[in-house]
Amino acid sequence: MRVLIFNGSPRPKGNTKQMIQAFCEGLETAGHEYGVYEVCKMNIHGCLACEYCHTKGNGQCVQKDDMQFVYHELREAEMLVFASPIYYHGLSGQLKCTIDRFYAAAYPNKPEKLKKVAMFLSSGDPDMYDGALFSYKGDFLDYLQLEDMGVFTTHGYDSGVPEEKLEELRRFGASLKY
Numbered sequence: 001m002r003v004l005i006f007n008g009s010p011r012p013k014g015n016t017k018q019m020i021q022a023f024c025e026g027l028e029t030a031g032h033e034y035g036v037y038e039v040c041k042m043n044i045h046g047c048l049a050c051e052y053c054h055t056k057g058n059g060q061c062v063q064k065d066d067m068q069f070v071y072h073e074l075r076e077a078e079m080l081v082f083a084s085p086i087y088y089h090g091l092s093g094q095l096k097c098t099i100d101r102f103y104a105a106a107y108p109n110k111p112e113k114l115k116k117v118a119m120f121l122s123s124g125d126p127d128m129y130d131g132a133l134f135s136y137k138g139d140f141l142d143y144l145q146l147e148d149m150g151v152f153t154t155h156g157y158d159s160g161v162p163e164e165k166l167e168e169l170r171r172f173g174a175s176l177k178y
């Protein structure tokens, strides 16, 4: 299975990154292919709402930034994972910009191979996930009708993600079926 993982955290060793690394360890044991996209390090601009992609562009975005690489990779993706710390009750702005730009490639029809989605969230508080979950449900489960592979959360850990959560993510990555 080809999995695209979008890391919306700027922290190179933060909780979100730890969750992604554990998941990737599981993917590797099962022989899956994956790519991790550090969106905070990428040159991805916000959507201009110009509608070029759905008129003259025939699905191509008018902006020529790092999303062009993401669009190319999206064609072969079978599963997406969005990983983010919670910022002000929602996803990080960098990840939100990336998701908004999916409009060119995934609306009104998702790429043919794309079937599944999951989300990894970290927060200082266990009750801060509603904004991120609204996007996940509305954009990916309802509109694109992707199969919900789960939402994995961790909260309140300044010293790192607990080992039992990391092991859960390893098992999840290893359990995915083609």
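At position 79 of the sequence shown (counting the first as 1) the number is 79 in full-length UniProt numbering, and the numbers step up by one without a gap. In this text, a Cβ means the ideal position worked out from N, Cα and C, and glycines have one as well.
By Cβ distance, which residues of its chain are closer than 7 angstroms to residue i, with the 5 residues on each side in sequence left out?
i: R75; result: P111
i: S100; result: Before going on, a small fix: residue 100 reads as Asp here, not Ser. The answer, listed in chain order, is G46 and C47.
i: I20; result: I5, N7, V36, A83 and F120
For residue i, count neighbouring Cβ atoms within 10 angstroms of its own Cβ and tell me buried if that reaches 16, exposed if not.
i: A105; result: buried
i: R170; result: buried
i: R68; result: What sits at residue 68 in the sequence shown is Gln, not Arg. With fewer than 16 other Cβ atoms within 10 Å, it is exposed.
i: D142; result: exposed
i: H32; result: buried
i: T16; result: buried
Please confirm whether residue i and residue j have their CB atoms less than 8 angstroms apart.
i: C40; j: P85; result: no
i: H155; j: S122; result: yes
i: V117; j: L91; result: no
i: T153; j: Y129; result: yes
i: A30; j: L166; result: no
Residues bridged to residue i by DSSP?
i: M79; result: V3 and K116
i: T153; result: L121
i: G173; result: Paired residue(s): none; G173 is not in a bridge.
i: E28; result: Paired residues: none, contrary to the question.
Quick one: what's got a C-beta closer than 6 angstroms to residue i's C-beta in the same chain, skipping five residues either side?
i: M119; result: F82, Y136 and V151
Could you tell me how far apart the beta carbons of residue i and residue j are, in whole angstroms, since I believe they sit closer than 8 angstroms?
i: M1; j: E51; result: Going by Cβ atoms, the distance from M1 to E51 rounds to 33 angstroms, so no, they are not a contact pair.
i: E25; j: G173; result: 7 angstroms
i: Y34; j: L27; result: 5 angstroms
i: L133; j: L80; result: So it is not a contact: roughly 15 angstroms between Cβ atoms.
Can you give me the Cβ contacts of residue i inside the same chain, cut-off strictly under 8 angstroms, excluding the 5 residues immediately before and after it?
i: G59; result: C53, A104 and A105
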